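> Okay, here's the structure, questions in a sec.
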Amino acid sequence: MSNIVLLTERHRYFLYTEATDMRKSFSGLCGIVTNIMQLPIVDNDVFLFLNRDLTHLKLLLHESEGFTLLCRRLDKGRFKMPACENGAAPMKLSASDVIALVKGLTLYRYNPGSPLS
């Protein structure tokens, strides 16, 4: 992963949990955010999208001066979709969750009520 954009806790991260057509660009992805995810687009918000095969990821970042769109394709392996607790609703992630997802690591959430705790 490149160091062009710093993924820090000053951003808010939202993962769209449905498969996304990777032909979509700025306007199409913004349409998903506002119409389907029903989220306002606010400065320092980052929205993540994965394709059906989990081989492509798009990261849409909004800052005061405009949008940045980053694409990542895995030549080998797949991105690991985190377990979704709330169906198709957007999943809020931390910066470390996003970095792990982009690197292809599996995300596990600690659940204090689980039998393993």
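Taking numbering that gives the first Met the number 0, the leading residue of the sequence shown gets 0, the next gets one more, and so forth. Yeah, the Cβ is synthetic: ideal placement off N, Cα and C, and Gly gets one too. Quantities reported herein were computed from a predicted structural model and do not represent experimental measurements.
(1) Could you tell me the boundaries of the beta strand (DSSP E) in which Gly65 lies?
(2) Near Leu69, what residues of its chain come up, given a Cβ to Cβ distance below 6 Å and the 5 sequence neighbours on each side ignored?
(3) When the distance is taken between beta carbons, is Phe66 closer than 8 Å to Tyr15?
(4) Quick one: residues in its chain with C-beta nearer than 7 Å to the C-beta of Asn50, no 5 flanking neighbours on either side, listed in chain order?
(5) Can you pull the DSSP bridge partners for Met90?
According to the data block:
(1) Taking the sequence shown and counting its residues from 1, the one referred to as residue 65 is at position 66. Here the beta strand (DSSP E) through Gly65 covers 65-72.
(2) Here residue 69 is taken as the residue at index 70 of the sequence shown, counted from 1. The residues are Leu58.
(3) Numbered from 1 along the sequence shown, position 16 holds the residue referred to as residue 15. Numbered from 1 along the sequence shown, position 67 holds the residue referred to as residue 66. Their beta carbons are not under 8 Å apart, which means Tyr15 does not touch Phe66 by this criterion.
(4) The count along the sequence shown starts at 1 and reaches residue 50 at position 51. Here the set comprises Ala18, Thr19, Met21.
(5) Here the question's residue 90 lines up with position 91 in the sequence shown. DSSP, once it has assigned bridges, lists Leu14 as partnering Met90.
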